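**Student:** Position in the sequence shown (from 1) plus 402 gives the number in our numbering.
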Amino acid sequence: MKKIFLIKFSFIIILTGLGVLCLAKENAIIDLDKNKICVQVITPAKNPVTGECKEFPSPCDVPSGWIKVNSCSGSIITIEPEENVAKPIICKEYFWYDETNLKCQGPKTFCGYFMRKGLYVFETEEDCEKSLTENPRLKENKIEEIKKEIKEKNEISLEDISKILNRINFEPGRVEIDGEKISFEKEKIIIKKVGEREIKILVNPEKIILKEGEKMGEVEGNLSIEKEKLLFEGREIKISPEELFEKLKIQDPLNLEMKLKLGDEKALWLIKFTQERKILGIFPIKIQKEIEISAQKEEIEKLKENKKPWWSFYF
């Protein structure tokens with residue numbers, strides 16, 4: 403009896419196994435290369451690089467690198483950052499200045515992590531210049547430096563500092579920087595570029611002298627620098643001493659005297675000098691000239707001209 407029961411039980415097990423095998427053959431794919439069976443179930447997956455999402459007939463059909471998702475509708479892929487991967491070094495051109503050199507420079511190529519304390523970089527030269535004039539901390543530090551230089555040195559350049567100052571006034575025996583007056587007993591030479599020409603302003607306790615090259619003129623009034631312009635009694639000076647003689651085509655004047663003064667509410671150059679001439683090409687004479695020329699125009703505008711002796715206009 404026991405033997406018959408075992409035979410029946412074994413027969414049932416065999417039939418069940420055959421049924422399962424037949425069902426698996428109909429609903430599965432055998433991957434011989436990977437030695438595994440993939441059930442044919444629709445499997446959504448997304449490409450993490452392109453964002454493309456597709457449905458595949460089975461898990462085995464999902465390409466390598468794709469990520470399985472629950473649904474292609476509204477799926478979001480989060481890619482974890484790769485560790486120990488070197489990031490590319492990025493280089494870019496900037497205009498720049500720093501606290502040791504208050505002058506916009508560039509463009510210069512900066513790469514990687516280049517920022518340091520006191521360095522300022524800008525994509526355009528205009529932004530650089532604007533920052534330079536508006537940076538209050540740099541302005542304060544630079545003003546203190548120039549004050550110290552004026553007190554300690556006899557010759558000072560204002561080439562960098564004038565861009566960030568509102569106004570510099572020159573009076574006999576002192577200089578006023580943004581409202582603060584610095585007095586001195588010895589002559590100071592202040593160097594400043596006006597346009598393309600280098601001007602020297604000689605300030606001593608008695609007077610102010612404007613000098614360019616070998617030509618110099620006494621200033622009879624208030625001289626100042628404001629927004630990179632040279633002003634006399636609030637009027638812009640547009641012609642310098644050397645430039646004046648170049649345009650007048652006067653060479654080797656004798657006993658030269660020059661003054662920058664006001665006349666009829668205009669800034670003008672008064673120049674006095676002597677020239678040597680010959681009568682009939684034989685007899686030497688000396689002609690004294692006195693000319694008033696507008697200092698507010700780039701071209702020569704003679705306001706007045708006198709000659710001595712009176713008949714010298716023939717020569």
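C-beta: ideal position from N, C-alpha, C; glycine also.
Remember, predicted model here, so these are calculated numbers, not experimental data.
For the structure I just gave you, are there three or more beta carbon pairs, one from the stretch 549-558 and one from the stretch 528-541, closer than 8 Å?
**Tutor:** no
**Student:** Secondary structure at Glu648, three-state DSSP: helix, strand or coil?
**Tutor:** helix
**Student:** Using only the alpha-carbon positions, how far apart do Ser626 and Glu644 sit?
**Tutor:** 19 Å
**Student:** Along the alpha helix (DSSP H) that carries Glu678, what are the first and last residues, could you check?
**Tutor:** Here Glu678 belongs to no alpha helix (DSSP H); instead the beta strand (DSSP E) covers Lys668 to Ile681.
**Student:** Between Ile611 and Ile681, what straight-line distance do the alpha-carbon atoms span, to the nearest angstrom?
**Tutor:** 37 Å
**Student:** Out of Glu608, Ala447, Gly597 and Glu598, which has the shortest C-alpha to C-alpha gap to Lys590?
**Tutor:** The residue from Glu608, Ala447, Gly597 and Glu598 with its alpha-carbon nearest to that of Lys590 is Glu608.
**Student:** In whole angstroms, what is the alpha-carbon distance linking Val577 and Ser585?
**Tutor:** 7 Å
**Student:** What is the rounded straight-line gap between the Cα of Pro686 and the Cα of Lys710?
**Tutor:** 14 Å
**Student:** Taking 8 Å as the cut-off, does the stretch 459-473 touch the stretch 492-510 (at least 3 CB pairs, one atom from each stretch)?
**Tutor:** no
**Student:** Where does Cys513 sit, in a helix, a strand or coil, going by DSSP?
**Tutor:** strand
**Student:** Counting C-beta neighbours from all protein chains within 10 Å, is the total for Thr452 16 or more, i.e. buried, or is it exposed?
**Tutor:** By the beta-carbon neighbour count (other beta carbons within 10 angstroms, threshold 16), Thr452 is exposed.
**Student:** Within the continuous beta strand (DSSP E) that includes Asp654, where are the two ends?
**Tutor:** For Asp654, there is no enclosing beta strand (DSSP E), as DSSP gives it neither H nor E.
**Student:** Under three-state DSSP, which class holds Cys474?
**Tutor:** coil
**Student:** Where does the unbroken beta strand (DSSP E) through Thr445 begin, and where does it stop?
**Tutor:** Thr445 to Lys448
**Student:** Please report the residue range of the beta strand (DSSP E) in which Asn543 lies.
**Tutor:** For Asn543, no beta strand (DSSP E) encloses it; the enclosing alpha helix (DSSP H) starts and ends at Pro538 to Glu554.
**Student:** Count the other CB atoms, across all protein chains shown, that sit within 10 Å of the CB of Thr526; report buried if there are 16 or more and exposed otherwise.
**Tutor:** exposed
**Student:** State buried or exposed for Tyr515, treating a residue as buried only when at least 16 other CB atoms are found within 10 Å of its CB.
**Tutor:** exposed
**Student:** Tell me the start and end of each unbroken beta strand (DSSP E) in the stretch 596-628 that is at least 3 residues and wholly inside, in chain order.
**Tutor:** 599-605, 610-614, 617-621 and 625-628
**Student:** Specify the secondary structure class of Lys691 as computed by DSSP and reduced to three states.
**Tutor:** strand
**Student:** With DSSP run on the structure shown, which of helix, strand or coil describes Leu560?
**Tutor:** coil
**Student:** So what does DSSP say about Asp398, is it helix, strand or coil?
**Tutor:** Summary: the structure shown does not reach residue 398, with the chain confined to residues 403 through 717, and so no result is reported for it.
**Student:** Is Gln698 closer than 9 Å to Arg637 when the C-beta atoms are compared?
**Tutor:** yes
**Student:** Taking all protein chains shown into account, decide if Lys544 is buried (16 or more other Cβ within 10 angstroms of its Cβ) or exposed.
**Tutor:** buried
**Student:** Going by beta carbon distance, what residues of the same chain come within less than 7 Å of Gly756, once the five residues before and after it are set aside?
**Tutor:** Nothing in the structure corresponds to residue 756, since the chain is present only between 403 and 717.
**Student:** Starting from the C-beta of Lys602, find all residues in its chain whose C-beta is less than 6 Å away, skip the five residues before and the five after it, and write them out in chain order.
**Tutor:** Ile591, Ile593 and Lys613
**Student:** Taking DSSP's pairing of strands, which residues face Ser585 in a bridge?
**Tutor:** Arg576
**Student:** Suppose the cutoff is 8 Å on Cβ atoms and the five residues either side in sequence are ignored; what does the same chain contact list for Glu495 look like?
**Tutor:** Hits under 8 Å: Gly508, Pro509, Lys510, Thr511 and Phe512.
**Student:** Thinking C-beta only, is Thr676 closer than 9 Å to Leu656?
**Tutor:** yes
**Student:** Please name the residue or residues paired with Ser353 in a DSSP beta bridge.
**Tutor:** As displayed, the chain neither begins before 403 nor continues past 717, which places residue 353 out of reach and without an answer.
**Student:** Return the CA-CA distance between Gly619 and Lys651, expressed in angstroms with no decimal places.
**Tutor:** 18 Å
**Student:** Who does Pro686 pair with in a DSSP beta bridge?
**Tutor:** Lys680
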